[in-house]
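Position 154 (the sequence shown) corresponds to 159 in the working numbering; numbering is contiguous. We put the CB at the ideal spot given by N, CA and C, even for glycine. Please read all numbers here as calculations on a predicted model, not as lab measurements.
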Amino acid sequence: MSRFESKTVLVTGAAGALGATVAKRLASDGVANLVLADLNADALTPLATELGDKGVTVTTENLDVTDGDGFDALVVRAVGRFGTVDALVNSAGIVSPNARIHNLSTADWERSFAVNSTGTFHGIRAVARALRKRSPVSIVNIASVSGLTAWAYAAPYCASKSAVIHLTRVAALEYAKEGIRVNAVCPGTFPSTLHEGLPSEALASIEAKHPLGFGTPDDIAGAVLYLASDESRWVTGHSLAIDGGYSLP
Ligand SMILES: NC(=O)c1ccc[n+]([C@@H]2O[C@H](COP(=O)([O-])OP(=O)(O)OC[C@H]3O[C@@H](n4cnc5c(N)ncnc54)[C@H](O)[C@@H]3O)[C@@H](O)[C@H]2O)c1
C-alpha cells in the first residue's frame, strides 16, 4: 500500500516550482485527492490536467494565504468534499527586496510577514479549527535555511522564515494531543522564479555557499512527503534543513 493511498493533501503555492513538484510526487506516490491552491487557480490548470490523467482527483482553488477567512473556507470545502485533509503543505512564499534594512520600507517588511509567516499561521489555524480532535493531520511548513542562518540584504525574508520555524514548534506543542503534527522543511537554494532578476554573479556566489551546489525542487520534495506521511508519525515540531550543506559552517 502506498503512503498516500486514500489520502487528501492540500498544497498552497501549488503553481510554484516546489508546490507543483510536491503535487507530482504525491501523485506518483498514489495520493487519492489533491487540493491545489495558489493566487491564480488558472495557473494550476495544466498541472491539474496532468495529475487528473494519472487518476488523482484534483481540485484547484484561488487562495491568497494572507486571507485568513479564505483559508478557513477552503479547508472547510475540502473537508466537506473529501471527508478530511490528511496533510497540508504550506508552500506559498515570496522573497523580499534585495536591500539593506535602512533602505527597506515598512511595506516591504510587512508583505514578507503577511505571506510567509501570517499565511502559514492561517493554514495551521484553518486546519486546527476544522480538524482538531477529529482526524490526524500532518502540516508541513516550507521555511528556509534563511530562517536558520543570517543573510545580508534579506532581513524581511530571513525574519519571516525564522518566525515560521518557531511557529512550527509552538503549533506542534499545542496540537500534539489533538492529532495534528506540525513540521517544517528548510530548503537551501533551488533556482526558481523567486530568483528572477538576480544577476548571474549573485546566483554564482549563492551557489558557492552550498557545498553540494544548488538543489532542485525534487531534492526537497522527498523530505516534504516523508513529513506529510504517517512514516514520520513520531516527529513533530522539527525543522529539517535540506540544503546541500549550506548550514554546515
Ligand atoms: N527556491 C528556493 O531557493 C527556496 C529556498 C528556500 C525556501 N523556499 C521556499 O519554498 C517555497 C516555494 O518556493 P518556490 O521556489 O517554489 O517559489 P515559486 O515562486 O516558484 O512558488 C511560490 C508560489 O507561491 C505563490 N504565492 C505567492 N504569494 C502567495 C499568496 N499570497 N497566496 C497564495 N499563493 C502565493 C506564487 O503564486 C507561486 O506559485 C516558498 O515558501 C519559498 O520561500 C524556496
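**Asked** Taking Cβ to Cβ, would you say E183 is nearer than 8 Å to R137?
**Response** yes
Review point. Quick one: what does DSSP say P204 is sitting in, helix, strand or coil?
Key: coil
Next item on the list: From the DSSP output, in three-state form, read off I99 for me.
Entry: coil
Heavy atom of ligand 3 less than 7 Å from the Cβ of A78, yes or no? With respect to ligand 3, the structure shown offers nothing to examine, as its ligands consist of ligand 1.
Taking just the CA atoms, how far does D223 sit from G73?
29 Å
Next item on the list: Determine the contact status of G24 and S7, defining contact as a CB-CB distance below 8 Å.
Entry: no
In chain order, each beta strand (DSSP E) run of at least 3 residues that lies wholly inside the segment 78–152: 92–95, 142–147
### Query
Considering only the beta carbon of each residue, do V27 and D91 sit closer than 8 Å?
Cβ distance not < 8 Å, so V27 and D91 don't count as in contact.
Three or more C-beta pairs below 8 Å linking the segment 64–82 and the segment 116–127: yes
task = Determine, using beta carbons only, whether V190 and L230 come nearer to each other than 8 Å.
result = no
Could you tell me which uninterrupted alpha helix (DSSP H) segments, each at least 4 residues in length, are contained entirely in the segment 148–184, listed from first to last along the chain?
160–180
Please state if the CB of G220 and the CB of P192 are separated by a distance shorter than 8 Å.
Yes, the pair counts as a contact, with Cβ atoms nearer than the cut-off.
Problem - Whether A83 touches T65 by CB criterion (8 Å) - result: no
Give me the Cα-Cα distance between T154 and G202, rounded to the nearest whole angstrom.
23 Å
Note the first and the last residue of the continuous alpha helix (DSSP H) segment covering A32. 22–33
Considering only DSSP beta bridges, list what I211 is partnered with. According to DSSP, I211 bridges with nothing at all.
| message | Taking DSSP's pairing of strands, which residues face T17 in a bridge? | response | Under the DSSP definition of a beta bridge, T17 partners with A42, N95.
Nonlocal neighbours in the same chain, by C-beta distance under 8 Å from S237, ignoring five residues either side: S143, R186, N188, Y231
TODO: Name the residue from S234, G152, L79, E55 whose alpha carbon lies nearest to the alpha carbon of A135.
DONE: L79
Exercise. Spell out the partners DSSP gives A189 in its beta bridges.
Key: DSSP, once it has assigned bridges, lists N146, S244 as partnering A189.
task = List the residues that DSSP assigns as beta-bridge partners of E5.
result = Residue 5 lies beyond the residue range present for the chain, which begins at 6 and ends at 254; the question has no answer from this structure.
Exercise. Express the C-alpha separation of K166 and L41 in angstroms, rounding to a whole number.
Key: Each residue's alpha carbon lies about 22 Å from the other.
Which first and last residues belong to the alpha helix (DSSP H) in which V229 is found?
222–233
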